[in-house]
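Every letter in the sequence shown is one number past the one before it in this note's numbering, and letter 26, counting from 1, is 27.
All C-beta atoms, glycine included, are put in the ideal place defined by N, C-alpha and C.
Nothing here was measured: the structure is a model prediction, and the numbers come from that model.
Each remark here refers to the structure printed beneath this line.
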Amino acid sequence: MLRNQEAGREKIEGKSSNLNNLAMEWQGEHVTGEAATLFNSTITAAAISLAFEIGLLNAIAEQGSISVGSFCQAHGLHIASVKSCLYALQCYDIVLPGAEKDTVQAGVNFGDIFRNKGYFLWLVGGYGKMLQNLTGSIRLEKRNGTVISRDGKSIAMAGRDYGAQFVDRHFTEVLEQMPFKVVADLGCGSGERLINLARQRDDLRCVGMDLNRDAVSLAQESVTAAGLENRVTILHADVSKLTPLEVFKDVEVLFCFFMAHDLWPRENCLMALRQIRAAFPNAKRFLLSDTYRSDLPPSRQTPIFTLGFELTHAVMGQYIPSVSEWAALFEDAGWNCVGRRDLDIPFSSIFDLR
């Protein structure tokens, strides 16, 4: 028996030694170089999106350190999957082990990732299916004029997050330059911007609309949860084909965030902007915010969001106009652009039209 145990131990130790040697052999540039960095960062991007969506990043930001087991139990999550995602985050110093067993806390890169977490949900959650089927999407015989799938709810949730951080401060400062009592958000997404405005002012009435039914459902649920059904109306509508409605009659200020590029090509967008003027006869201002084409040369220094935004829209067959193309269009559509406020999102601005 003892002899058998010693033989087994020698066999195990021999295997361990071989594994260590094998691990050392796999440290060459062909597995730990640029390809490995890109591969592992792809996994980590998905882990960031997940950690944001399940509330893990918010919990770490609020509590400083969390128990992984307790968090998973409280939210009904598969602990092995969550721990594996946390391992990916540790690889990039986003989180690190806490002082106590089974806990994690913020790493040196947590602040940067937390600030930009909406972009990861936008890409992974919003366009994950498109990227998964990229090969099929670019074959002409398989496109057949169909819209490439994207997740409207994830995109709306992501927009709510990065909008609060990178857009809302600028929007509020521009909006308050003139008085108003009735506003409309064209392409309202989650409805969060209208809800926040209605909470701030008891006399304000709001109308929101979106083409994506998932986003409309999310917005309606949020309005109901906030108890604002009497002052915030959410409609399922196509902004490119608006006609006058009773609820539009008293609207004084229009705004549209990050969807006006969907109205292009140019002639279609020109017609849509003219129809918007007709549908809202008493509108005095139109605050149109959008991301425009960067026209950057290929570079590792390309800002966050830009590469994903331009690639996904190219796959969808969606033209992204430059800032000069927008300026020329406004003039032809009869809107006078009196100002432009750059946002904290790369190549994005609010155009103040009157």
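- Contact annotation: the segment 274-290 touches the segment 247-263, with at least three C-beta pairs closer than 8 angstroms.
- In the DSSP annotation of this structure, the continuous segment of the beta strand (DSSP E) that includes residue 183 starts and ends at 183-187.
- Residues of the same chain with a CB within less than 7 angstroms of the CB of residue 188, apart from the 5 flanking positions on each side, are 211, 240, 257, 258 and 260 in chain order.
- Take the alpha-carbon of residue 236 and the one of residue 208: they are about 8 angstroms apart.
- DSSP, reduced to helix, strand and coil, places residue 168 outside both helices and strands of the structure shown, so it counts as coil.
- Around the beta carbon of residue 118, a 10 Å sphere encloses 16 or more other beta carbons of the protein chains shown; the residue is thus reported as buried.
- Taking the C-beta atoms as reference points, residue 104 is found nearer than 7 angstroms to residue 68.
- Taking residue 101 as reference, the option from 136, 65, 90 and 230 with the minimal CA-CA separation is 65.
- CA-CA distance, residue 75 to residue 222, rounds to 24 angstroms.
- Note: residue 273 is not bridge-paired with any residue in the DSSP secondary-structure output.
- Cα atoms of residue 190 and residue 291: separation of roughly 14 angstroms, rounded to the nearest angstrom.
- Taking all protein chains in view, the Cβ of residue 179 is surrounded by fewer than 16 other Cβ atoms within 10 Å, so the residue is classified as exposed.
- Distance from the CA of residue 268 to the CA of residue 224, rounded to the nearest whole angstrom, comes to 35 angstroms.
- For the options 173, 320, 213 and 252, the alpha carbon positioned closest to that of residue 284 is the one of 252.
- Listed as beta-bridge partners of residue 255 by DSSP are 185 and 287.
- Where residue 60 is concerned, the enclosing alpha helix (DSSP H) starts and stops at 57-64.
- Within the DSSP secondary-structure output, residue 292 pairs in a beta bridge with 349.
- Distance from the Cα of residue 279 is smallest, within the candidate group 309, 244 and 304, for 244.
- DSSP, reduced to helix, strand and coil, places residue 158 within a helical segment of the structure shown.
- With fewer than 16 other CB atoms across the displayed protein chains lying within 10 angstroms of its CB, residue 318 is exposed.
- Per DSSP, residue 215 is not a residue of any beta strand (DSSP E); the alpha helix (DSSP H) it occupies stretches across 214-226.
- Counting the other CB atoms within 10 Å of its CB gives residue 184 a total of 16 or more, which places it among the buried residues.
- Exposed is the label assigned to residue 63, since fewer than 16 other Cβ atoms lie within 10 Å of its Cβ.
- For residue 157, the CB contacts under 7 angstroms within the same chain, skipping 5 residues up- and downstream, are 190, 191, 216 and 219 in chain order.
- Taken through DSSP and simplified to helix, strand or coil, residue 112 comes out as helix.
- Distance between residue 36 and residue 93, taken at the CA atoms: about 16 angstroms.
- Pairwise C-beta distances place the segment 124-143 out of contact with the segment 82-98, as fewer than three of them are shorter than 8 angstroms.
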